[in-house]
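K.L.:
What follows is a structure written as structure tokens; I'll ask about it next.
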Amino acid sequence: MSIHTIVLGTGAYLPKSVLTNKDLEKCVNTSDEWIRTRTGIHQRYIANEKETNSYLATQSARRALDMAGVQPQDLDLIIVATMTPDMPMPSVACLVQNALGAKKAGAFDVQATCSGFLYALSIADKFIRDNRRMKVLVIGSEVLSRRINWEDRTTCVLFGDGAGATVLTGAREDRGILSTHLHSDGSLGDLLTIRGLGTAHPVTPEILERGWQYIEMQGREVFKCAVKALESVAWEALEANGWTGDDVDLLISHQANIRILNLLGERLGLPREKIFINIHKYGNTSAASIPIALDEANRKGILIPGLHILLVAFGGGFTWGSVAMRW
Numbered sequence: 616m617s618i619h620t621i622v623l624g625t626g627a628y629l630p631k632s633v634l635t636n637k638d639l640e641k642c643v644n645t646s647d648e649w650i651r652t653r654t655g656i657h658q659r660y661i662a663n664e665k666e667t668n669s670y671l672a673t674q675s676a677r678r679a680l681d682m683a684g685v686q687p688q689d690l691d692l693i694i695v696a697t698m699t700p701d702m703p704m705p706s707v708a709c710l711v712q713n714a715l716g717a718k719k720a721g722a723f724d725v726q727a728t729c730s731g732f733l734y735a736l737s738i739a740d741k742f743i744r745d746n747r748r749m750k751v752l753v754i755g756s757e758v759l760s761r762r763i764n765w766e767d768r769t770t771c772v773l774f775g776d777g778a779g780a781t782v783l784t785g786a787r788e789d790r791g792i793l794s795t796h797l798h799s800d801g802s803l804g805d806l807l808t809i810r811g812l813g814t815a816h817p818v819t820p821e822i823l824e825r826g827w828q829y830i831e832m833q834g835r836e837v838f839k840c841a842v843k844a845l846e847s848v849a850w851e852a853l854e855a856n857g858w859t860g861d862d863v864d865l866l867i868s869h870q871a872n873i874r875i876l877n878l879l880g881e882r883l884g885l886p887r888e889k890i891f892i893n894i895h896k897y898g899n900t901s902a903a904s905i906p907i908a909l910d911e912a913n914r915k916g917i918l919i920p921g922l923h924i925l926l927v928a929f930g931g932g933f934t935w936g937s938v939a940m941r942w
């Protein structure tokens, strides 16, 4: 029997502060009804000054490690998917490694925006297939509220902060990660971007005045690209494993927009009860959305042995990907 990457434990952590649509009505020209009908979002969590990305990531990691029964010093590798690190250097993963006391673990970040967790999961899977005894911590963590223009009603209503984590290892069992599929198209990068704060456009008064430190998005174009890419990469995963839509027990997609989730479900022939949805509680948490959803489904007892799970994500870059799993 071949080696598969299995999930030993999951964890998630959300900031203490909740920002509802009603709260947003007081500071930007929008309404609860407009946000809910167009995005499905009712509220989102917003980190305070002390709740850094690495803090959220570390807290989610502790919960995943507790469930897995794994000590930090037993970890071999830590991968953090994020587009909102504490700082350019050191990486969030190294900050987490130090906070946990995971002294023997290698650590690095992955930046693939909202697809980041699936990219990190794919990398971890490759390491584990080479050495099934490895224990790998994969985290998706974001503090997107630091990259939002709170005067731009087209973006400020969408995003939230949070972190989710999984502890992985290998096993000669007929379960775990069955296949991973990754894609990108850099030619479309300008449709969803943060132009400033890098070396091309460093922090200057002019860059800050232009607002290039914030997320910019051409919503309609991103929506169309997301639906097409997610459907394509979902079918790719199904075909790779000899599945049809009927074989999928649970779809866990990046939580970007309720209309995208509904359209994707329709095109895959999945009934609503097979689509995990929590966007109403958290908004779009980018790389954190899938691991937060995994942990929520796990702790609710939804993830039972033998369940066929399809993970899909799409994000800026553009990047997109899918993972097929048997729980």
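Count along the sequence shown from 1, then add 615; that gives the number in the numbering used here. By construction, the Cβ of each residue, glycine as well, lies at the ideal position given by its N, Cα and C atoms.
Write down every uninterrupted run of the beta strand (DSSP E) in the region 629 to 661 whose length is 3 residues or greater and which is fully enclosed by it, in chain order.
P.N.:
632 to 635, 658 to 661, all fully within the region 629 to 661.
K.L.:
Use the C-beta contact count for residue 688: other C-beta atoms within 10 angstroms, 16 or more gives buried, fewer gives exposed.
P.N.:
With fewer than 16 other Cβ atoms within 10 Å, it is exposed.
K.L.:
Just to confirm the assignment, what range does the alpha helix (DSSP H) spanning residue 682 have?
P.N.:
Run containing residue 682: 668 to 683, per the alpha helix (DSSP H) assignment.
K.L.:
Using the C-alpha atoms, what's the distance from residue 786 back to residue 690?
P.N.:
Residue 690 and residue 786: Cα-Cα distance of roughly 16 Å.
K.L.:
For the region 833 to 906, list the alpha helix (DSSP H) runs that are entirely contained and at least 4 residues long, ordered along the chain.
P.N.:
The qualifying runs are 834 to 855, 873 to 883, 894 to 897.
K.L.:
Taking only three categories from DSSP, how would you classify residue 822?
P.N.:
Three-state DSSP puts residue 822 in a helix.
K.L.:
Taking one C-beta from the region 619 to 627 and one from the region 672 to 686 each time, how about it: are there three or more such pairs within less than 8 Å?
P.N.:
Yes: at least three Cβ pairs fall under 8 Å.
K.L.:
Quick check on residue 767: does DSSP put it in helix, strand or coil?
P.N.:
If DSSP states are grouped into helix, strand and coil, residue 767 belongs with coil.
K.L.:
Per DSSP, residue 781 is paired with what?
P.N.:
Answer is 625, 753.
K.L.:
Please return the same chain residues whose Cβ sits closer than 7 Å to the Cβ of residue 717, not counting the five positions on each side in sequence.
P.N.:
Correct list, in chain order: 687, 688, 690, 693.
K.L.:
Tell me whether the beta-carbon of residue 855 lies closer than 9 Å to the beta-carbon of residue 799.
P.N.:
Not closer than 9 Å, so no.
K.L.:
Start and end of the alpha helix (DSSP H) containing residue 727?
P.N.:
Careful: residue 727 lies outside any alpha helix (DSSP H) and carries neither H nor E.
K.L.:
So the beta strand (DSSP E) residue 707 belongs to, where does it begin and stop?
P.N.:
Residue 707 -> not in any beta strand (DSSP E); alpha helix (DSSP H) instead, spanning 707 to 715.
K.L.:
Would a C-beta distance cut-off of 9 Å place residue 865 and residue 880 closer than the cut-off?
P.N.:
Not a contact, by the Cβ cut-off of 9 Å.
K.L.:
From residue 887 to residue 878, what does the alpha carbon distance come to, in whole angstroms?
P.N.:
The straight-line gap from Cα to Cα measures roughly 11 Å.
K.L.:
Could you say if the region 649 to 663 and the region 693 to 710 meet the contact criterion of at least three C-beta pairs nearer than 8 Å?
P.N.:
No, the region 649 to 663 is not in contact with the region 693 to 710.
K.L.:
Assuming residue 868 and residue 928 form a contact by the criterion Cβ under 8 Å, report the distance between their Cβ atoms to the nearest whole angstrom.
P.N.:
The Cβ separation is near 7 Å, so the contact holds.
K.L.:
Along the beta strand (DSSP E) that carries residue 935, what are the first and last residues, could you check?
P.N.:
Element bounds for residue 935: 934 to 941.
K.L.:
Are the Cβ atoms of residue 899 and residue 773 separated by less than 9 Å?
P.N.:
Yes, they are a contact pair.
K.L.:
Using the DSSP secondary-structure output, state which residues sit across from residue 737 in a beta bridge.
P.N.:
None; residue 737 has no bridge partner.
K.L.:
Are at least three pairs of beta-carbons, each pair with one atom in the region 731 to 748 and one in the region 699 to 706, less than 8 Å apart?
P.N.:
Because the criterion of three Cβ pairs below 8 Å is not met, the region 731 to 748 and the region 699 to 706 do not touch.
K.L.:
In the DSSP assignment, find the unbroken beta strand (DSSP E) run with residue 583 in it and report its ends.
P.N.:
The structure shown does not extend to residue 583, since the chain is modelled only from 616 through 942, so no value can be given for it.
K.L.:
Between residue 748 and residue 938, what straight-line distance do the alpha-carbon atoms span, to the nearest angstrom?
P.N.:
One C-alpha to the other measures close to 21 Å.
K.L.:
Within this structure, are the beta carbons of residue 801 and residue 891 separated by less than 9 Å?
P.N.:
Going by C-beta atoms, residue 801 is not nearer than 9 Å to residue 891.
K.L.:
How big is the Cα-Cα spacing for residue 753 and residue 647?
P.N.:
The alpha-carbon atoms of residue 753 and residue 647 are separated by roughly 34 Å.
K.L.:
Grouping DSSP H, G and I as helix and E and B as strand, with all else coil, what is residue 831?
P.N.:
If DSSP states are grouped into helix, strand and coil, residue 831 belongs with the strands.
K.L.:
So the beta strand (DSSP E) residue 815 belongs to, where does it begin and stop?
P.N.:
It is not in any beta strand (DSSP E) - residue 815 carries neither H nor E in the DSSP assignment.
K.L.:
Which term fits residue 815, buried or exposed, when burial requires 16 or more other beta carbons within 10 angstroms of its beta carbon?
P.N.:
Residue 815 is exposed by the Cβ-count criterion.
K.L.:
What does DSSP give as the partner residues of residue 786 in its beta bridges?
P.N.:
Answer is 619, bridged to residue 786.
K.L.:
Cβ of residue 808 versus every heavy atom of the ligand GTP: is any distance shorter than 8 Å?
P.N.:
Absent from the structure shown: the ligand GTP. Ligands present: none.
K.L.:
Using 8 Å for Cβ pairs, my map puts residue 729 next to residue 904. What's the rounded Cβ distance?
P.N.:
Correct: roughly 7 Å between the Cβ atoms.
K.L.:
Give me the Cα-Cα distance between residue 637 and residue 765, rounded to the nearest whole angstrom.
P.N.:
Rounded to whole angstroms, residue 637 to residue 765 spans 15 Å at the Cα level.
K.L.:
Less than 6 Å between C-beta atoms, sequence neighbours within five positions excluded: which residues of the same chain meet that for residue 930?
P.N.:
Around residue 930: 728, 729, 730.
K.L.:
I'd like the list of long-range same chain contacts for residue 710, defined as Cβ closer than 7 Å, with 5 residues on each side in sequence excluded.
P.N.:
So the qualifying residues of the chain are 669, 701.
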